[in-house]
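Shown next, in C-alpha cells, is the structure this report addresses.
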Amino acid sequence: MAQGDKTKQNDGHKSCKALALGLVKCLNESSCIKEEKRSYKECVFGKNLSAFSSECEEFRDKYLQCKHDQVSQAVKDRFLQNPDSFYPL
Numbered sequence: 001m002a003q004g005d006k007t008k009q010n011d012g013h014k015s016c017k018a019l020a021l022g023l024v025k026c027l028n029e030s031s032c033i034k035e036e037k038r039s040y041k042e043c044v045f046g047k048n049l050s051a052f053s054s055e056c057e058e059f060r061d062k063y064l065q066c067k068h069d070q071v072s073q074a075v076k077d078r079f080l081q082n083p084d085s086f087y088p089l
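According to UniProt numbering, the sequence shown is numbered sequentially starting from 1.
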C-alpha cells in the first residue's frame, strides 16, 4: 500500500473518530447517562428514550453515516483490487 493510500485511510478514520468523540461528549452531558444511569449503547440505540437529545441524535446519525461510508469504500477498494473474488465461477 502506498504512503498516500495510508494517509487517505487515516483521514477517514480520524473524521469518524472526531464524530465519535463528539457523540461521547454529548452523551456524557445528557440526562440519559447522568440521571437515568443508562449505558452508552442504551442511550444511542434505545427506542423511545426522551433523554436522548436531538443534538446527540445528530452526532449519532453523522457518526453512523461516516462508518457506513468507510465500509462501503473498503468494499469498493477490495473489489477493484480483486474483482474475481466477488464473482466465483
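We treat Cβ as the ideally placed atom computed from N, Cα and C, and that holds for glycine.
Contact check, residue i vs residue j, beta carbons under 8 Å
i, j, result
"C32", "K67", "no"
"L54", "S30", "The question names Leu, but residue 54 is Ser in the sequence shown. Their beta carbons are not under 8 Å apart, which means S54 does not touch S30 by this criterion."
"L27", "Y40", "yes"
"C56", "L19", "no"
Assigned secondary structure, residue i (DSSP; H/G/I helix, E/B strand, else coil)
i, result
"G46", "coil"
"R38", "coil"
"S31", "helix"
"S53", "coil"
Cβ-based burial, residue i [other Cβ within 10 Å; buried from 16]
i, result
"R38", "buried"
"L80", "exposed"
Residue i versus the options, residue with shortest Cα-Cα distance
i, options, result
"D61", "N82, Q73, E36 and F45", "F45"
"K25", "R78, F59 and K47", "F59"
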